[in-house]
Structure formats: structure tokens, C-alpha cells
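Those protein sequence lines, which keep their order, are chains A and B. When the count follows our numbering, it moves up by one through the first sequence with no breaks and lands on 527 for the last residue. When the count follows our numbering, it moves up by one through the second sequence with no breaks and lands on 527 for the last residue. From the three backbone atoms N, C-alpha and C, an ideal C-beta is built for every residue, glycine too. Right, one structure below, let's go through it.
There are 2 protein chains.
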Amino acid sequence: MSLQKLYYHLENTYHLHSISSLLSWDQETYMPEKAYEERSKQMGILAGIIHQKKTTELREVLNDIDLSVLKGNDFLIVKRIQQDFEKWSKIPEKFAVQLSELTSQAQFYWDKAKKNNDFDLFSPYLEKLINLKIQEANYLGYEDCPYDALLDDYEKGLKSKDFENIIQSFVKEFYQKKSKNPLKNNPFFINIPALEQIEFANRFIKDLGFDFTRGRQDLSSHPFSNAISIHDVRITTRVKENDLQYMLYSTIHETGHALYELGLNTELIGTPYSETCSLTIHESQSRFWENNIGRSLAFCKFLAQKLKEYLPKYFHELNPDEIFLVLNYVQPSFIRTEADEVTYHLHIAIRFELEKALINQEIKVNDLPHLWNEKVHDYLGITIPSDSLGVLQDVHWSAGLFGYFPTYSLGSFYAAQMYLHLKSLFPNFDSEIENGNFEFIHQWLKKNIYSKGRLYNSNEILEQATGKPYNTNAFKQYIDSKIVF
Amino acid sequence: MSLQKLYYHLENTYHLHSISSLLSWDQETYMPEKAYEERSKQMGILAGIIHQKKTTELREVLNDIDLSVLKGNDFLIVKRIQQDFEKWSKIPEKFAVQLSELTSQAQFYWDKAKKNNDFDLFSPYLEKLINLKIQEANYLGYEDCPYDALLDDYEKGLKSKDFENIIQSFVKEFYQKKSKNPLKNNPFFINIPALEQIEFANRFIKDLGFDFTRGRQDLSSHPFSNAISIHDVRITTRVKENDLQYMLYSTIHETGHALYELGLNTELIGTPYSETCSLTIHESQSRFWENNIGRSLAFCKFLAQKLKEYLPKYFHELNPDEIFLVLNYVQPSFIRTEADEVTYHLHIAIRFELEKALINQEIKVNDLPHLWNEKVHDYLGITIPSDSLGVLQDVHWSAGLFGYFPTYSLGSFYAAQMYLHLKSLFPNFDSEIENGNFEFIHQWLKKNIYSKGRLYNSNEILEQATGKPYNTNAFKQYIDSKIVF
Chain A
43 MSLQKLYYHL ENTYHLHSIS SLLSWDQETY MPEKAYEERS KQMGILAGII
93 HQKKTTELRE VLNDIDLSVL KGNDFLIVKR IQQDFEKWSK IPEKFAVQLS
143 ELTSQAQFYW DKAKKNNDFD LFSPYLEKLI NLKIQEANYL GYEDCPYDAL
193 LDDYEKGLKS KDFENIIQSF VKEFYQKKSK NPLKNNPFFI NIPALEQIEF
243 ANRFIKDLGF DFTRGRQDLS SHPFSNAISI HDVRITTRVK ENDLQYMLYS
293 TIHETGHALY ELGLNTELIG TPYSETCSLT IHESQSRFWE NNIGRSLAFC
343 KFLAQKLKEY LPKYFHELNP DEIFLVLNYV QPSFIRTEAD EVTYHLHIAI
393 RFELEKALIN QEIKVNDLPH LWNEKVHDYL GITIPSDSLG VLQDVHWSAG
443 LFGYFPTYSL GSFYAAQMYL HLKSLFPNFD SEIENGNFEF IHQWLKKNIY
493 SKGRLYNSNE ILEQATGKPY NTNAFKQYID SKIVF
Chain B
43 MSLQKLYYHL ENTYHLHSIS SLLSWDQETY MPEKAYEERS KQMGILAGII
93 HQKKTTELRE VLNDIDLSVL KGNDFLIVKR IQQDFEKWSK IPEKFAVQLS
143 ELTSQAQFYW DKAKKNNDFD LFSPYLEKLI NLKIQEANYL GYEDCPYDAL
193 LDDYEKGLKS KDFENIIQSF VKEFYQKKSK NPLKNNPFFI NIPALEQIEF
243 ANRFIKDLGF DFTRGRQDLS SHPFSNAISI HDVRITTRVK ENDLQYMLYS
293 TIHETGHALY ELGLNTELIG TPYSETCSLT IHESQSRFWE NNIGRSLAFC
343 KFLAQKLKEY LPKYFHELNP DEIFLVLNYV QPSFIRTEAD EVTYHLHIAI
393 RFELEKALIN QEIKVNDLPH LWNEKVHDYL GITIPSDSLG VLQDVHWSAG
443 LFGYFPTYSL GSFYAAQMYL HLKSLFPNFD SEIENGNFEF IHQWLKKNIY
493 SKGRLYNSNE ILEQATGKPY NTNAFKQYID SKIVF
């Protein structure tokens, strides 16, 4: 009875989260520009109500439950919720409202700043946000440094020292590596009107398994996936009319996120039984589809077929080997989301080092553009031509997501481990993909990842799924197997 | 201090209403089809929270205020809110949640039923809704009949007997009237792809004064206007690719609603100072732009110019007199939203009589299609070919809006009175419209209608604006001046 009461309470809280997600989605897609001030107030009020649900009201229903008599999933669920409650109740309601209002505003100004290549439009909001995030870290508590308190939101228990070791070992291994010979021909460099690109993408991701009765795709400044509710998972993309890859691989990435959300358990909604495990596992899913699957030779064969079938006006003869070379061409570039699988992690290293320094108060917001450009020059050997292509490129900081970036690298490393395991399990792996049969992968992911919910931590899920503990060697082995430097 | 507290409370409640409006807008425009169950739960939870704000919490802040010491707008605002509170507090929270959940569901099934021409898909939900609305009438109380309790939501104090007299006098006057000679040519019957129609409409309503930095237009099953917040007013439309009028006059109607919302006072948000007065005044604004302005000869001249300018592929030589004849051609038809200005009110009479009988428990839901077709045959002399073109055509009942329809007629009669007054005030009225100068109308409406908020009732506003009490003769005079039977 008291357990039912808890689950009912969690479901109600979940519905409020859904509403908040819709407000965010709308803000990034269709909201008229002058509505942003009211929107930030709507977000703030909702954040206050949700905070009440997750603290004061949750305490009441949790108090009635005796963990020691619970078994199985009930035990795992309640244990997680108790941990969540411990964390949530450290944050004052007023602070939650303030943070929500500010991130809603900051995203508006970030978007404006990026479009106008004017960092100063964004910097006052970023500064306020960093101050709030430092305050949040103080509320939550930490051992080594404030940044660790925030990292924990995205990958429970991860310390910045640990991630520093991981990413530095990567940097050492791959620093200044690039593909040797220049590319001859890029079949994606072709003029296709935005609407036709989106129409193609919608058909294509349907083939990958995206269910349009339970989701949709729209345009936004920065692509994202937003799981509004269990049957309402929305992704966004962006378009360059002269480069199909720009849209397509962003769409595939977001589809990976969406497939995870759409594959979650649909019972006990709002509890860890039907939630995603962590941002690391989330990014492992997006990166798995975008890269391990999406940039494999077998997938290039499938893609070549579909390009000819769905866009016959633009594609006639396509050579999958040529597509493969383009998709796996390693070279430094400005934009993280467009980077190849190797230099991508240098982008992450840059963001990780800068955001850590910001939160730990070692650098100032005003120095950020300058420091960004320096680091890019150092790690990637290229010169940033404008802040829009540099420090302003990513939405995360404006949304208050400090500590998120490391999960892209961790997720990629996890994904490589899953991929190698899957290939060893299924001898016909490549030929199935070539024929557009992804069902066996969906089933494996459903059983081994999606259905695990948030009942285990990231490493436990990875180890249960692949039979091996997490190790970065899988990623190195995976890269060596496909890319010739 | 206690007044500030009240205003702050009302603003917060307003922001919650905004959120609820966004959920509705999304449900009718972009929501994936399988998300409807979660959406109805989200709506329900929000309705519960809003109900709390408007009853228990409002009581607390109202209790601290002494109306007798207030003056001017403060006095008028608090008086209104006290009346609102009296009414709101008669409704139990559980009922508000239930009603909100059900209307969200019912709209989904109505849409499905209409698309599939299958009344049975909708009827179980309609039956439940009617039962709830009868219950609501009982909560609210009434003198003559339950339907009166609901009417009051749309036009304060209106009794069904009064409206019956008004609409019956109209029916007597205009029954079986139609334009004499058949139309020769309809320039709107031309194939234009949906996207080009919408693009044209967006440019056109911008010319009328719609501010796209504070609003947008999308597609939906049934056109509507939704004021999400003071700077976020969204309208929708629908398209037939072989009939431009179908989209255009629905768009102009919704633009009239939107101009009202966008012209409201922007201070004291969430109070009657910055709210619309009533549905009657709201519909007077939509019908004013759609009909009095939109079907005038002067406007036809303006429209002819813009069709040639914005759609040169489709329109070369256009005769404004011909457009005028098409737009003012009186003949019976199936669909209310497409009806001419005269037979329109026969459509309203049909809906009024049926919904009154439903709420007063004189007829049953299952008899509705049959009774609808009978009444249409009786009043309009035509035979309904399918429920989609009959009883299923309007969204209102599925949204729980019983008592709404009379405001379309009242609004039209109000609009005619405003229009005749404006024409007498401005000698250059027609030539200004012909040249697309609507600014003087916006200013007059802003001063005389929009800025009055909800501080006065509909009749007071009309009389203050036109110097005359409400009378239906204005409408009859207006029709006689333009239409030859």
C-alpha cells in the first residue's frame, strides 16, 4: 500500500517532468522569440512545484516504507529513490526555481550570441549560471573539488581525476593522428533543399527503427533528443543545404538516444525501473548508432542503397567504400558534433578542462574565448575563426549542463565495447546491417541495456551486457581495426 | 502589500494557465499520436494544481484584502476576482482534474472519429463529457435550466431564454434567404500547394498586423487561436489545395482573435486588467476581421492586390467585384466555419438547440447524428452526406465547450455595431482599407476594446465603444447594406 503510494507519487512527478520537457522542446523549436521571458517564468514555477514533489512530498511517502522488507526490483527502486532524495533535499526550492529560470533565459541569449557571433551577449548569463552551479556544488558537497559534485549528476560517482586519467591516456594515444591521404570526393557535398533532406531523414530513421507514432523530428539551433514521455520522444536536427552528412549524422546520433528512450520499460513509469541509467549509457547509445553502426562499411552499403532509393534526383551511382572513407576520415575540425571518431575526444578534453576550471574558479568567463582558441590550437592544431565556430558552438553550458561532456567520451568507449561484443555474438552482423535488418540489435539492446532501467549503475550494466568490466582498450582496438593513420 | 500579494498570486496562476495552453496547442499540432494518454494525465495534474491556486490558495490572499478601501482599477480587479473565486470554489478539485483529463482524451477521439467519419468512436467520450458538464452545472447552480449555468462561462449572465429570442428573431428574418443568381466564377478555386498557401497567409496576416515575433501559425484539424502568454499568441489553420478561401478566411478569423490577445494591456498580468472580456467580445473581434472588414469591397481590392503580389504564379488579373460577390454569396452549406454571414447563424441555432437539449437531458448522445441532420434539413434545406460534414465538424463539444456557440452570433452582432460606428467615425474608412492601412482600426480597437480588459462586462464595453447599447438592428442594417437577396 505504502509502496503503491510511492509509485503513484513518482508517476505524478514524472508527468510534471514531461510538462517541463515539453516547455523546453517548444522553446528550442517553435516558440516565438519574444515569449522567452514568460517561458523562463513558466519553467521557474514548474521547477518549484517539481522540487516540492521531490523533497517535502517525497519525504512523506518514503517515510512510510521499510526498505529491509523489500525484495527484487522493489528493493532496487526504493534504494535508488532514497539516494535521489538524499541528493535532492540538499537543494533549496528557491534555488531550483532560480536555476530553472536562468537556464531558460541563458539558452535564449546563447542562441542569439551564436547567431550573431557575439560572446558578450551570452557572457553575463554564463557568469550568473556558473555562480549558481558553484552554489549547487556547495549544496551537494564534494571531497576534492566543486566540479566533482556536478559530474556526479551525469555519471554517478565519477571523479574528475579519474576522467582526467582516461582522457589524457586517450590524448597521448591519438594526439595529432590524422588520416594520411587527402579525400578525393565527398558524395555528401551536394545541394539538396532543407525540406527534402528532412523528408529523407525521416524515412531513413524509420528504417533504423524510429517510431513516428511515438515521436517526431524537428529543426532547432542545436540538435537534441527530448523524451517528453514514454510514448513521446522528440529529436531535432539542423541542415546545411550543401552537405547532407551534416544533418544525417546528427539525426542518427539523436535517433540512438531516442531508440533508448522508446525501448525503456513501460511499467512503473517515473521509477528507476523505466528510466535511463545515466548520461554515459545514453551517450553510448547515440554514439553506437552514429559511429559504430553508422560509420561501418556494412552501413555505408545500406546507406548507399537508401540514398539512391529515397533521393533518386540526387544520387545515382554511389561507392560504399568512398562513403566509408569520408565518414572515417580523421582530421582536426572546429565543430565537435561533426568531428570524426578520433579527434572528437580532443574536443571533449578541451571542454572538460575548461568547465572544470570554471567551476573550480581557476579561470574567468571573460577569458573563455581566448582560452578556448588556445586549447583548440594546442590540441587540434587549428585556428578558430570566430566564437560561433568556437566557444559558442555547444548549447550545454547555457542549459546549465556542466559535467555533461565527459559522458560523450565515456559513452563512446562503452559503445565500442558493446559493438565488439555484438560482432562476436552475431556472425552475420555485417550482412544483416547491409540489408537494413536492425531488429536483432534492437532486441539485444532492449534485453541488455534498455530494460535494465536505472536499477544498476553504468559499469554494472556494461559488464552484465558484455561479460567484461569497462576498459578503454576496446575503443582503441575498434579504432585500429577501421582507421589507417 | 496584500494587494501586491494577490497580484503576484494571480500572475503565478496565469503562468500555470500558459503551460496548460501550450500542452493543448501541442496536442492539436505536433504531438505524436500515441502520446495522448500521457498528455491527458499531464493536463489532469496541471488542472489540479491550477484549481488549488484558484481556490484554497486564492482564498488566503483574498482574505487579507478589504474591497471597501480600494479605488479605480484595483477596486474593479478585486471585485471581479472575488466573483471568480465564488464560482471556482464551487468546483471540487477532483472534478476539475477529471474534466481536464477527459477533454484531452475526448479531443483525440473526436479527431479520429471525424477523420474516419465514425461517430461511434467519439460518442462514449461525448456521453461521459455531457455527464460531467451536467454535474458541473449542478455544482455551479442555476435558476431555469442546467445549460444556463454553462452559458455563464462564455457570456456572464446570459440566459438561454434570452439567446433563444435573439436567435429566433434572426431565424425569422433570414430564414431561407439566399443570393439570387448563381455565381459565375470563383477565383479561389485554384490549385495551390499547401506550403505556398501557408506562406502566403503568413505574409498576408503580417500585413493585417499579426506580429510574428509574438506569435505563429501552424496547421491543425480544427483552426483555433491559443494565447499561451501575453507575448506568445498562436493560431492554426487548415488547407484545401483547390480552394484558397477555405484556408484564408479561417486564418483571418483566427487573426482577429490573435490581434485582441496581442493588444491587451501588458501590465498586471494574470488580472482582469490584462485579460479578454468575454467570449462574446472575443468572437466579435474574429468575426469583425473575417467578415465586416474581410468581406468588404474595399478589402477585396486590397486582397486582389496582395494575391497578385504574393502569388504571381497563380493570380494575374483579378476583379475585386467578383471576389466580393463570392465572399458574400448567401447559400446553405454544410460547414459552419465556411458559411456566409447570413446562413452562419442558422448553423449556430442548430448547435445551440442541440447542446441545450443535451445538457438539459432532453435528448441522448446516440440520437445526435440523426437530430443534427434533421435540423440541418429543416433550417438550411440541405441533406448532410456524412457525420464528418455534420455533427462531427466542430471541435467544441470534445473540448467540453458547451455554451460557447451562442457567442459566435452575439459576437457577430456586436461586430456589426462596431463596424457601422467605425465607418461613421472615419470618412476615409474604405480607402484606407483598400490601401492596407489598418493602423487606425488597431488604435481604435486598442483604446475602446483591448485596453478595457475584463474590468467591464460585454455590453458595457460595447456601449462605451459605440455610444449605443447593444441592439441586433445594427447587424440587420449591415446585412441589408451589402447583400441583395
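For T278 of chain A, the three-state DSSP class (helix, strand or coil): Position 236 of the first sequence, counting from 1, holds the residue named residue 278 of chain A. Strand.
Where do the ends of the beta strand (DSSP E) carrying S271 of chain A lie? Within the first sequence, residue 271 of chain A is the residue found at index 229, counting from 1. Taken as a continuous stretch (DSSP letters only), the beta strand (DSSP E) holding S271 of chain A covers 267 to 271.
Taking only three categories from DSSP, how would you classify R337 of chain B? Numbered from 1 along the second sequence, position 295 holds the residue referred to as residue 337 of chain B. Three-state result, R337 of chain B: coil.
Closest Cβ-Cβ distance between G312 of chain B and chain A: below 8 Å? Along the second sequence, read from residue 1 onward, the residue named residue 312 of chain B stands at position 270. So, not an interface residue.
Residues in the stretch 228 to 243 of chain B having any Cβ partner in chain A nearer than 7 Å: none
V384 of chain B and K494 of chain B - do their beta-carbons sit closer together than 8 Å? The residue labelled residue 494 of chain B in the question sits at position 452 within the second sequence. The residue labelled residue 384 of chain B in the question sits at position 342 within the second sequence. No, they are not a contact pair.
For T255 of chain B and G298 of chain B, I'd like the C-alpha separation in whole angstroms. In the second sequence, counting from the first residue as 1, residue 255 of chain B sits at position 213. In the second sequence, counting from the first residue as 1, residue 298 of chain B sits at position 256. If I take the Cα positions, the gap works out to 17 Å.
Could you list which residues in chain A have their beta carbon closer than 7 Å to that of K355 of chain B, in chain order? For the purposes of this step, residue 355 of chain B is taken as residue 313 along the second sequence, with counting starting at 1. Correct list: empty, because the minimum Cβ distance to chain A is about 18 Å.
Run through DSSP, which three-state label would G86 of chain B get? Within the second sequence, residue 86 of chain B is the residue found at index 44, counting from 1. Correct three-state label for G86 of chain B: helix.
Interface residues of chain B around K83 of chain A at Cβ under 7 Å? For the purposes of this step, residue 83 of chain A is identified with residue 41 of the first sequence, where counting begins at 1. Under the 7 Å cutoff, chain B gives H57.
State yes or no: is the C-beta of Y461 of chain B within less than 8 Å of the C-beta of I323 of chain B? As a first step, residue 461 of chain B is located in the second sequence; it is residue number 419 there, counting from the start. As a first step, residue 323 of chain B is located in the second sequence; it is residue number 281 there, counting from the start. Cβ atoms of Y461 of chain B and I323 of chain B: not closer than 8 Å.
Taking L65 of chain A as the query, report the chain B residues whose CB atoms sit under 8 Å from its CB, ordered along the chain. If you number the first sequence from 1, residue 65 of chain A lands on position 23. In chain order: I61, L64.
Closer than 7 Å by beta-carbon distance: list the chain B residues that pair up with K76 of chain A, in chain order. For the purposes of this step, residue 76 of chain A is taken as residue 34 along the first sequence, with counting starting at 1. Chain B residues near K76 of chain A: T255, R256, H273.
Residues from the stretch 84 to 99 of chain B in contact with chain A, defined by Cβ distance under 7 Å: Q84, I87, L88, I91
Could you give the residue range of the beta strand (DSSP E) that holds G445 of chain A? Within the first sequence, residue 445 of chain A is the residue found at index 403, counting from 1. That residue, G445 of chain A, is in no beta strand (DSSP E); it is neither H nor E in DSSP.
Should F527 of chain A and S221 of chain A be called a contact, given that it needs their Cβ atoms to be closer than 8 Å? Taking the first sequence and counting its residues from 1, the one referred to as residue 527 of chain A is at position 485. Taking the first sequence and counting its residues from 1, the one referred to as residue 221 of chain A is at position 179. Judged by their CB atoms, F527 of chain A and S221 of chain A are nearer to each other than the 8 Å cut-off.
Starting from D260 of chain B, follow its DSSP beta bridges and name the residues at the other end. As a working mapping, residue 260 of chain B is identified with position 218 in the second sequence. Note: D260 of chain B sits in a beta bridge opposite B:T278.
7 Å Cβ cut-off: residues of chain A touching Y72 of chain B: Indexing the second sequence from 1 puts residue 72 of chain B at position 30. Simply R258.
Could you tell me whether any Cβ in chain B is nearer than 8 Å to the Cβ of F80 of chain A? Your numbering for residue 80 of chain A matches position 38 in the first sequence. Residue identity check: residue 80 of chain A is Glu in the sequence provided, not Phe. It does; some Cβ of chain B falls within 8 Å.
Have a look at T308 of chain A and L118 of chain A and give me their C-alpha separation to the nearest angstrom. Looking up residue 308 of chain A in the first sequence gives position 266. Looking up residue 118 of chain A in the first sequence gives position 76. Those two C-alpha atoms are separated by around 17 Å.
Look at the alpha carbon of K510 of chain B and the alpha carbon of L504 of chain B, and state the distance between them as a whole number of angstroms. Along the second sequence, one-based indexing puts residue 510 of chain B at 468. Along the second sequence, one-based indexing puts residue 504 of chain B at 462. One C-alpha to the other measures close to 8 Å.
List the residues that DSSP assigns as beta-bridge partners of D285 of chain A. Position 243 of the first sequence, counting from 1, holds the residue named residue 285 of chain A. Bridge partners of D285 of chain A: A:K282.
Against chain B, with Cβ distances strictly below 8 Å, would D68 of chain A count as a contact? Here residue 68 of chain A refers to the residue found at position 26 of the first sequence. At least one chain B Cβ lies under 8 Å of D68 of chain A.
Could you name each continuous alpha helix (DSSP H) segment of 4 residues or more that falls completely within the stretch 396 to 457 of chain B, going from the start of the chain to the end? 410 to 422
Could you spell out the range, first to last residue, of the alpha helix (DSSP H) harbouring Y49 of chain B? By one-based count along the second sequence, residue 49 of chain B stands at place 7. Residues 44 to 71.
Which residue marks the beginning of the alpha helix (DSSP H) containing I133 of chain B, and which one marks its end? As a working mapping, residue 133 of chain B is identified with position 91 in the second sequence. Here I133 of chain B belongs to no alpha helix (DSSP H), and DSSP marks it neither H nor E.
Below 8 Å between beta carbons: does that hold for D429 of chain B and F161 of chain B? Indexing the second sequence from 1 puts residue 429 of chain B at position 387. Indexing the second sequence from 1 puts residue 161 of chain B at position 119. Against a cut-off of 8 Å, the Cβ pair of F161 of chain B and D429 of chain B comes out as a contact.
Hey, is the stretch 278 to 289 of chain B in contact with the stretch 227 to 240 of chain B, meaning 3+ C-beta pairs nearer than 8 Å? yes
Give me the Cβ distance between V120 of chain B and I107 of chain B, rounded to the nearest whole Å; I'm assuming they're in contact under 8 Å. For the purposes of this step, residue 120 of chain B is taken as the residue at position 78 of the second sequence. For the purposes of this step, residue 107 of chain B is taken as the residue at position 65 of the second sequence. Indeed, because the Cβ distance is near 6 Å, the residues count as touching under 8 Å.
For the alpha helix (DSSP H) that A191 of chain A lies in, which residues bound it at each end? Position 149 of the first sequence holds residue 191 of chain A. Where A191 of chain A is concerned, the enclosing alpha helix (DSSP H) stretches over 188 to 193.
Under 8 Å Cβ-Cβ, which residues of chain A neighbour N602 of chain B? Because chain B is modelled from 43 through 527, residue 602 of chain B falls outside the range shown and cannot be assessed.
Using DSSP with H/G/I as helix, E/B as strand and the rest coil, what is N227 of chain A? By 1-based counting over the first sequence, the position of residue 227 of chain A is 185. Note: N227 of chain A maps to coil in three-state DSSP.
Would you mind sorting D382 of chain A into buried or exposed? The rule is 16 or more other CB atoms within 10 Å of its CB. Position 340 of the first sequence, counting from 1, holds the residue named residue 382 of chain A. So D382 of chain A counts as buried.
Can you list, in chain order, the residues of its chain with a C-beta nearer than 8 Å to that of Q149 of chain B? Leave out the 5 residues immediately preceding and following it. In the second sequence, the residue the question calls residue 149 of chain B occupies position 107. If we look at Q149 of chain B and ignore the five residues flanking it on each side, its Cβ neighbours are Q69, E70, V437, S440, A441.
K248 of chain A to P265 of chain B, Cα distance in whole Å? Your numbering for residue 248 of chain A matches position 206 in the first sequence. Your numbering for residue 265 of chain B matches position 223 in the second sequence. Rounded to the nearest angstrom, the two C-alpha atoms are 30 Å apart.
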